[in-house]
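Heads up: the sequence shown runs through residues 1 to 272, numbered per full-length UniProt numbering.
We treat Cβ as the ideally placed atom computed from N, Cα and C, and that holds for glycine.
Here the structure is a predicted model, which means the values were calculated and not measured.
These notes concern the structure reproduced below.
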Amino acid sequence: MRRLPQYAALAAYIVFLAFPLIWLLSTALKTPQEMALTEPTWVPREPTLANFTDAFGEQDLVGAAVRSLIVALFSSVITVLISLPASYAMARYRSLLNRVALGWVLVSQVFPFILIIIPLFMILREMDLVNTLPGLVAVHVTFTLPFALWMLQGYVRAVPPELEEAAAVDGASRLRSIASVVAPLLAPGVVATLLFAFISSWNEFMFALVILQNPDVMTLPLTLVRFTGPEGVARLGPLAAASLMATIPSLIFFAIIQRRLKSGLMAGAVKG
């Protein structure tokens, strides 16, 4: 009974977080006539799957999802591959230069990204990377890398240097001690960073809107916007169905690695 208020608050918080998904599902299953009612209903009176068929029929959602998946996977993997050795160097080799670099990484996150979107577009245009997925991957890596670097160096600091010293006493080189001792201990942190980079890339809209102007290469967030007509009026049924389908991959990915993510976040909070 003492924990009843805590459980009630937790249940209310879960309902609050699940509200958008519940409303999306309810809207996706409604008919246009029911959505036009002045008094909204939670449970559809006449559930229908027409909105899902219309959504897949009007737009290439499968192709857009595949493109978003490709961009998110490449962006997240490249981000981790770059930030992992860099974060190790920043955590292990303490110097004024490293502190300045880490400070600049944090300061760079203060400025809104919209400030550099035009110069970035001009650079990509000169490199013939506009309307290409590699160009979008490069942009996503650029803007997920600073936070990933700051995040991973906290995990590296949580690994005692004595473990590497013991490996060196046994004759292991620094590279081998990093690969066989440090890297396995950083697995939870790598998973947490990977998830952050993946979700950031999967949901990113602003840079994709500027860089990808050809419908054949548009990612899923851009394709969802195409359910809005020229007058700015959105077709709520197909849009809700498509948005619900766009959310499912992130939920599945998170459900698969949630245990490693939890342990990774706890490990990263030990030191830093």
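Open item on the list: Quick check on Thr-219: does DSSP put it in helix, strand or coil?
Closed with: Reduced to three states, the DSSP call for Thr-219 is coil.
- [ ] Let me know the secondary structure DSSP gives Ala-234 once reduced to three states.
- [x] Looking at Ala-234 - three-state DSSP - the assignment turns out to be strand.
Task: Coil, strand or helix - Thr-38 by DSSP - done: Under the three-state reduction of DSSP output, Thr-38 falls in the coil class, being neither helix nor strand.
Open item on the list: If the criterion is Cβ atoms closer than 9 Å, does the pair Val-182 and Tyr-88 meet it?
Closed with: In this structure, Tyr-88 lies closer than 9 Å to Val-182 by Cβ.
- [ ] Output yes or no for whether 9 Å exceeds the beta carbon distance between Pro-146 and Gln-109.
- [x] It is a contact, given that the beta carbons lie within the stated cut-off.
- [ ] My understanding is that Ala-197 touches Ser-76, with C-beta atoms under 8 Å, so please give their C-beta distance in whole angstroms.
- [x] Between Ser-76 and Ala-197 the Cβ distance is about 4 Å, and since that is below 8 Å, they are a contact.
Task: Through-space distance from Ser-173 to Ala-167, alpha-carbon basis - done: Between Ala-167 and Ser-173, the C-alpha separation is close to 8 Å.
Task: Same chain, Cβ closer than 7 Å to Ser-177, five either side skipped, listed in chain order - done: Glu-164, Ala-167, Ala-168, listed in sequence order.
- [ ] Whole angstroms is fine: what's the gap from Met-218's alpha carbon to Leu-25's?
- [x] Their Cα atoms are separated by approximately 25 Å.
Task: Residue interval of the alpha helix (DSSP H) (run including Ile-211) - done: Start and end: 206 to 211.
TODO: With DSSP collapsed to three states, give me the class of Trp-202.
DONE: Helix at Trp-202.
- [ ] Run the CB neighbour count on Asn-214, radius 10 Å, all protein chains shown included, and call it buried at 16 or more, exposed below.
- [x] Result: exposed.
TODO: Let me know the secondary structure DSSP gives Thr-79 once reduced to three states.
DONE: Here Thr-79 sits in helix by DSSP.
Task: DSSP state of Thr-53 mapped onto helix, strand, coil - done: In the structure shown, Thr-53 sits in a helix (DSSP, three-state: H, G or I).
- [ ] Can you grab the Cα-Cα spacing for the pair Gly-154 / Leu-106, in whole Å?
- [x] Cα to Cα, the separation comes out at about 13 Å.
Open item on the list: According to DSSP, is Thr-228 part of a helix, a strand, or is it coil?
Closed with: Strand.
Task: Rounded straight-line distance, which links the Cα of Leu-96 to that of Arg-125 - done: Distance between the alpha carbons of Arg-125 and Leu-96 is about 37 Å.
Task: Boundaries (first-last residue) of the alpha helix (DSSP H) holding Tyr-13 - done: Segment 4 to 28, the alpha helix (DSSP H) holding Tyr-13.
Open item on the list: I need the DSSP call for Met-151, collapsed to helix, strand or coil.
Closed with: Helix.
TODO: Alpha carbon to alpha carbon, how far is Val-15 from Leu-236? Give it in angstroms, no decimals.
DONE: Spanning the two alpha carbons is a distance of roughly 23 Å.
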